[in-house]
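S.K.: For reference, the structure I am asking about is given below.
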Amino acid sequence: MDYNSEFRKSIDKPEEFWREKAGSIDWIQPPEAIWQATDNGHGKWFPDATLNTSDVALDANVRAGRGDQKALIYDSPVTGTKCSYTYTELTNEVARFAGALKARGINKGDVVIIYMPMIPEAAIAMLGCARIGAVHSVVFGGFAAHELAVRIDDAQPKAVITASCGIEVAKVIEYKPLVDKAIEQASHKPDFCVVYQRPQVKALMQDGRDYDWSDLMANAELADPVPVKATDPLYVLYTSGTTGKPKGVVRDNGGHAVALKYSMKLVYDANPGDVFWAASDVGWVVGHSYIVYAPLFAGCTTVLYEGKPVRTPDAGAFWRVVQEHGVNLLFTAPTAFRAVRKEDPEADHLSRYDINSLRQIFLAGERLDPPTYEWLKEHTQLPILDHWWQTETGWAICCNPVGIETMATKPGSATVPSPGYNVQVVDPRGSQVPAGEQGQIAVKLPLPPGCLVTVWGDDQRFQDSYLNPIPGFYSSGDGGFIDDDGYVFVMGRTDDVINVAGHRLSTGEMEEVVASHPAIAECCVVGAHDDMKGQVPLGLVLIKDGATIDHDELEEELVEMVRDKIGAIACFRRALVVERLPKTRSGKILRRVIRQIADGEEYAVPSTIDDPAILEEISEQFRH
Numbered sequence: 001m002d003y004n005s006e007f008r009k010s011i012d013k014p015e016e017f018w019r020e021k022a023g024s025i026d027w028i029q030p031p032e033a034i035w036q037a038t039d040n041g042h043g044k045w046f047p048d049a050t051l052n053t054s055d056v057a058l059d060a061n062v063r064a065g066r067g068d069q070k071a072l073i074y075d076s077p078v079t080g081t082k083c084s085y086t087y088t089e090l091t092n093e094v095a096r097f098a099g100a101l102k103a104r105g106i107n108k109g110d111v112v113i114i115y116m117p118m119i120p121e122a123a124i125a126m127l128g129c130a131r132i133g134a135v136h137s138v139v140f141g142g143f144a145a146h147e148l149a150v151r152i153d154d155a156q157p158k159a160v161i162t163a164s165c166g167i168e169v170a171k172v173i174e175y176k177p178l179v180d181k182a183i184e185q186a187s188h189k190p191d192f193c194v195v196y197q198r199p200q201v202k203a204l205m206q207d208g209r210d211y212d213w214s215d216l217m218a219n220a221e222l223a224d225p226v227p228v229k230a231t232d233p234l235y236v237l238y239t240s241g242t243t244g245k246p247k248g249v250v251r252d253n254g255g256h257a258v259a260l261k262y263s264m265k266l267v268y269d270a271n272p273g274d275v276f277w278a279a280s281d282v283g284w285v286v287g288h289s290y291i292v293y294a295p296l297f298a299g300c301t302t303v304l305y306e307g308k309p310v311r312t313p314d315a316g317a318f319w320r321v322v323q324e325h326g327v328n329l330l331f332t333a334p335t336a337f338r339a340v341r342k343e344d345p346e347a348d349h350l351s352r353y354d355i356n357s358l359r360q361i362f363l364a365g366e367r368l369d370p371p372t373y374e375w376l377k378e379h380t381q382l383p384i385l386d387h388w389w390q391t392e393t394g395w396a397i398c399c400n401p402v403g404i405e406t407m408a409t410k411p412g413s414a415t416v417p418s419p420g421y422n423v424q425v426v427d428p429r430g431s432q433v434p435a436g437e438q439g440q441i442a443v444k445l446p447l448p449p450g451c452l453v454t455v456w457g458d459d460q461r462f463q464d465s466y467l468n469p470i471p472g473f474y475s476s477g478d479g480g481f482i483d484d485d486g487y488v489f490v491m492g493r494t495d496d497v498i499n500v501a502g503h504r505l506s507t508g509e510m511e512e513v514v515a516s517h518p519a520i521a522e523c524c525v526v527g528a529h530d531d532m533k534g535q536v537p538l539g540l541v542l543i544k545d546g547a548t549i550d551h552d553e554l555e556e557e558l559v560e561m562v563r564d565k566i567g568a569i570a571c572f573r574r575a576l577v578v579e580r581l582p583k584t585r586s587g588k589i590l591r592r593v594i595r596q597i598a599d600g601e602e603y604a605v606p607s608t609i610d611d612p613a614i615l616e617e618i619s620e621q622f623r624h
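Structure representation (structure tokens):
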């Protein structure tokens, strides 16, 4: 089947299409009903089916004769540690940890927060929760205590699973004090914590609340997979919201398994036994979908890498992993290869390694800039494939569908909509705009399986954020256009969420932190272009009348405040003191124009501006 016929079937006969794809999953009770519509046009996939995600990922592969195949390879250049698990070994570890949680009173439907570094125990914890029907919520290990506390209060977890530390290139970050501080700040108190003690740091334990991972595992019985409804939640993953309060994206079990298994062939052309490496973190959606779940659903070997693309030890780190583990398919963010290119512009490190096992390189998470694309293409001589998706969708909205038909690439385009996604570019009223004309990128409802089903604890926010802005559509929050050939070009966000090295962060949340400084009268934060990270936040601040503070000292304090409240991941390093902010006559800050000035772009003076002279003042400050 070619792409066009596959895509048309998914749109014209969706129930027939997804029944066929569901046939590849080991269900406990296969679906009779495929789709159940709801009032909001969103609906439920496979509403009468039951399964267990851990069983689909692990036990099903053992039953299929892959028990002795490697399921997971752990490679940690920051600790000098490497190990691997076969499907049989990983199944037993997951079953044992699931039994340990069960013995501590975790049951189907309970929520568990996981705050872990990139170690096998993070994946084991996720799969262990899934095995007993508990809902996991992984929080990126680089987030500050305040951010963890916010998620504890929203998710209301019964337990928190953590490790004694995470390891960066040149430093060890103690996790347990951050977890203790977060629990202290949070109104909700989890029943207990499980702590994996790493050799680099011994975490202090609180009697009666904290349990050692190894002690629990030593006495645990293996737990069998617990049947759950396809519509039951598998996990909650928080993504930045424009209000500053993160949104808990809820993923179901059944649609997730069907969509991700299908995506492994469609998007990546992966086959059982392939070595698949998503160079990301389990704290992000890429880590959920393509480190932990999808490769195992597809019977692949997944690589879990604790390191950086550079400085662990050098810009040849990725090529070393490819050679050593025979990686067939590599997926990462453009930021990673921008860092490699910066440190090794002639790709000298690449020549030291044999990467003949590698068939394709996939990039997503942010815009793939043409120089990075051309550099990779020239030096690897491999297909370099861009694709576009979001935390909310869980898998690619647009891709080059190489598992069906390899299509010509166009720089700047994520190629074509994946089957199941009826992608349209519309105006604010929901009417399609002509080919080549920019508008809002939206997906006509219903969304395919695997996408978010609601926002945790707040279905009204789900509808207000995603369904109500453009009735009848899922609003992606991204703008762009579709050309005459049907290729989709994503041009950037239409809200205040910026993309820092592939991580979506709210400038609104940063503004709240900056505005809380006693010397600040008013502020705004925009995403400015950065060659390495794609975007970085830039603050413009007004100092209160009568406040006396050195501008450099103020900037240092604001940087520290954002680091403390949001985390180093925000990359907030610049705060420019200005006399006034450019606004419309109704008082709205002209963030888009500020961003254009910061990026050195030409800008049009809006007709609604209160005082055009302010733009030249700010331009002059940027020039200096």
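So the sequence shown is numbered by UniProt numbering: it starts at 1 and just counts up by one. Glycine included, C-beta positions come from ideal geometry on N, C-alpha and C.
Can you tell me whether residue 54 is buried or exposed, with buried defined as 16 or more other CB within 10 angstroms of its CB?
M.R.: Classification for residue 54: buried.
S.K.: Considering residue 87, what are the terminal residues of the alpha helix (DSSP H) in which it resides?
M.R.: Here the alpha helix (DSSP H) through residue 87 covers 87–103.
S.K.: Does residue 372 come out as helix, strand or coil in the three-state DSSP assignment?
M.R.: Note: residue 372 maps to helix in three-state DSSP.
S.K.: Tell me the rounded alpha-carbon separation between residue 128 and residue 340.
M.R.: Cα to Cα, the separation comes out at about 35 Å.
S.K.: Between residue 586 and residue 605, what straight-line distance do the alpha-carbon atoms span, to the nearest angstrom?
M.R.: Note that residue 586 has pLDDT 48, beneath the 50 cutoff, so the model's placement of it is unreliable and the number below is only indicative. Their Cα atoms are separated by approximately 16 Å.
S.K.: Report the start-end ranges of each alpha helix (DSSP H) in the stretch 506–564 that is 4 residues or longer and not cut off at the edges.
M.R.: Runs of the alpha helix (DSSP H) inside the stretch 506–564: 507–515.
S.K.: Give the straight-line distance between the Cα atoms of residue 475 and residue 198, rounded to the nearest whole angstrom.
M.R.: Residue 475 and residue 198: Cα-Cα distance of roughly 43 Å.
S.K.: Between residue 517 and residue 579, is the Cβ-Cβ spacing less than 8 Å?
M.R.: It is not a contact, given that the beta carbons lie outside the stated cut-off.
S.K.: Can you tell me whether residue 390 is buried or exposed? The criterion is at least 16 other CB atoms within 10 Å of its CB, across all chains shown.
M.R.: With 16 or more Cβ atoms within 10 Å of its Cβ, residue 390 is classed as buried.
S.K.: How is residue 154 classed by DSSP in three states: helix, strand or coil?
M.R.: Three-state result, residue 154: helix.
S.K.: Please report the straight-line C-alpha distance between residue 67 and residue 37, rounded to a whole angstrom.
M.R.: Approximately 39 Å, taken between the alpha carbons.
S.K.: Using only the alpha-carbon positions, how far apart do residue 432 and residue 295 sit?
M.R.: Computed Cα separation, rounded: 36 Å.
S.K.: Check each candidate in 154, 171 and 15 and name the one with the smallest Cα separation from residue 79.
M.R.: Ranking the options by Cα distance to residue 79, first place goes to 171.
S.K.: Going by the beta-carbon positions, is the gap between residue 114 and residue 138 smaller than 8 Å?
M.R.: Yes, these two residues count as a Cβ contact at 8 Å.
S.K.: Count the other C-beta atoms from every protein chain shown that fall within 10 angstroms of the C-beta of residue 546, then say buried if there are 16 or more, exposed otherwise.
M.R.: Answer is exposed; the Cβ neighbour count stays below 16.
S.K.: What are the complete alpha helix (DSSP H) segments, minimum 4 residues, inside the stretch 423–503?
M.R.: Complete alpha helix (DSSP H) runs here, min 4: 459–462.
S.K.: In chain order, what residues of the same chain lie with their CB nearer than 7 Å to the CB of residue 103, ignoring the 5 residues before and after it?
M.R.: Once the five neighbours on either side are set aside, the close Cβ partners of residue 103 are 220.
S.K.: Evaluate the contact criterion for the stretch 464–474 versus the stretch 404–413: three or more CB pairs, one atom per stretch, below 8 Å.
M.R.: These segments do not touch.
S.K.: What beta strand (DSSP E) runs, 3 residues minimum, are completely inside the stretch 148–226?
M.R.: Fully enclosed beta strand (DSSP E) runs of 3 or longer: 159–163, 165–167, 172–174, 192–196 and 210–212.
S.K.: DSSP on residue 300, reduced to helix/strand/coil?
M.R.: Coil at residue 300, not helix or strand.
S.K.: Please name the residue in 213, 519 and 524 whose C-alpha comes closest to that of residue 507.
M.R.: Residue 507 has its Cα closest to that of 524, out of 213, 519 and 524.
S.K.: Is it buried or exposed for residue 287, if we count other Cβ within 10 angstroms and need 16 for buried?
M.R.: Counting Cβ neighbours within 10 Å, residue 287 comes out buried, since at least 16 surround it.
S.K.: What's the C-alpha gap between residue 511 and residue 593?
M.R.: So the alpha carbons of these two residues sit roughly 17 Å apart.
S.K.: Does DSSP put residue 34 in a helix, a strand or coil?
M.R.: Three-state DSSP puts residue 34 in coil, outside helix and strand.
S.K.: Whole angstroms are fine: how far does the CA of residue 416 sit from the CA of residue 612?
M.R.: Their Cα atoms are separated by approximately 41 Å.
S.K.: Taking residue 335 as part of the alpha helix (DSSP H), name the residues at either end of that continuous run.
M.R.: Element bounds for residue 335: 334–343.
S.K.: Please state the DSSP three-state secondary structure of residue 572.
M.R.: Three-state result, residue 572: coil.
S.K.: Tell me residue 46's beta-bridge partners as DSSP assigns them.
M.R.: DSSP, once it has assigned bridges, lists no residue as partnering residue 46.
S.K.: Where does residue 349 sit, in a helix, a strand or coil, going by DSSP?
M.R.: DSSP places residue 349 in coil when its eight states are reduced to three.
S.K.: Taking the alpha carbon of residue 7 as the reference point, which residue from 309, 153 and 400 has its own alpha carbon closest?
M.R.: Checking every option, the nearest Cα to that of residue 7 belongs to 400.
S.K.: Which residue's Cα is closest to the Cα of residue 223: 346, 96 and 297?
M.R.: Answer by Cα proximity: 96.
S.K.: Can at least three beta-carbon pairs, one atom from the stretch 266–278 and one from the stretch 316–329, be found at a separation below 8 Å?
M.R.: Touching, yes.
S.K.: Are the CB atoms of residue 425 and residue 480 nearer to each other than 8 Å?
M.R.: In this structure, residue 480 lies closer than 8 Å to residue 425 by Cβ.
S.K.: Contact between the stretch 209–218 and the stretch 356–373 is defined here as three or more beta-carbon pairs at a separation below 8 Å; is this criterion met?
M.R.: Output reads no: the stretch 356–373 does not touch the stretch 209–218.
S.K.: From residue 684 to residue 205, what distance separates their C-alpha atoms?
M.R.: Nothing in the structure corresponds to residue 684, since the chain is present only between 1 and 624.
S.K.: Taking the C-alpha atoms as reference points, what is the distance between residue 77 and residue 322?
M.R.: Each residue's Cα considered, the two are about 14 Å apart.
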